Amino acid sequence: MEFQDISGISLGNKVVEKEGEFDFKNVGKSKIEALKKSIEEIRFLIGEREKLSQDIFHDGEKTKTEINNFLLANEKADNSLEKQDALIGLRQKKVDMTQLQLNEKVTCWKDVALLKKELRDKEQELTEKLDRMKAISDILE
């Protein structure tokens, strides 16, 4: 079998580059850009997750305040059994809201920890790729 030099041959709109003309500076640039974009997206997700958690916490506090105000307003009223059951139900809702807030804090912490781990991994990968590109560039010059 005989090999032929096909460099410089046109393939439709593309021309195969000759061996000495390959641009090593552009090797891996798309991967580096993808890593940078991924890092940016992870940072955005971390901020959004923390913001969501704060919103949930503040909404819970607002709801608990409304329940407290209603309980205080109706505490002095008649003491019928039905009313007492309703007030006990509202107190239970307040406890449930507090539990929801604590669960949200823990879940948010876990989510942010996972995102930060992924961020560190991507940043390390980016640093390694940039160092390799710099080393190859230094070798080629």
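For the record, in the sequence shown the residue sitting at position 61 is 130 according to the numbering used here, with numbers rising by one throughout. In this text, a Cβ means the ideal position worked out from N, Cα and C, and glycines have one as well. None of the values given here were measured: they were computed from a predicted structure.
Query, Result
"CB contact check: residue 204 to chain D, cutoff 8 Å", "This model lacks chain D altogether; it includes just one protein chain."
"Alpha-carbon to alpha-carbon, residue 129 and residue 191", "35 Å"
"Endpoints, alpha helix (DSSP H) assigned at residue 173", "150-209"
"C-beta contact flag for residue 195 and residue 101 at 8 Å", "yes"
"Three CB pairs or more closer than 8 Å across the region 144-162 and the region 176-190", "no"
"Assigned exposure category for residue 141 - 16 Cβ within 10 Å defines buried", "exposed"
"Classification of residue 104 by the beta-carbon crowding that lies within 10 angstroms, buried from 16 upward", "buried"
"Contacting residues, own chain, Cβ-Cβ under 7 Å from residue 162 (five flanking each side not counted)", "136"
"Under 8 Å between C-beta atoms of residue 126 and residue 170", "yes"
"Cβ pair residue 112, residue 177 closer than 8 Å", "no"
"Cβ neighbours of residue 132 in the same chain (closer than 7 Å, five flanking residues each side left out)", "166"
"When 139, 144 and 188 are compared against residue 115, the one with the closest alpha-carbon", "188"
"Short Cβ contact (8 Å threshold) for residue 173 with residue 99", "no"
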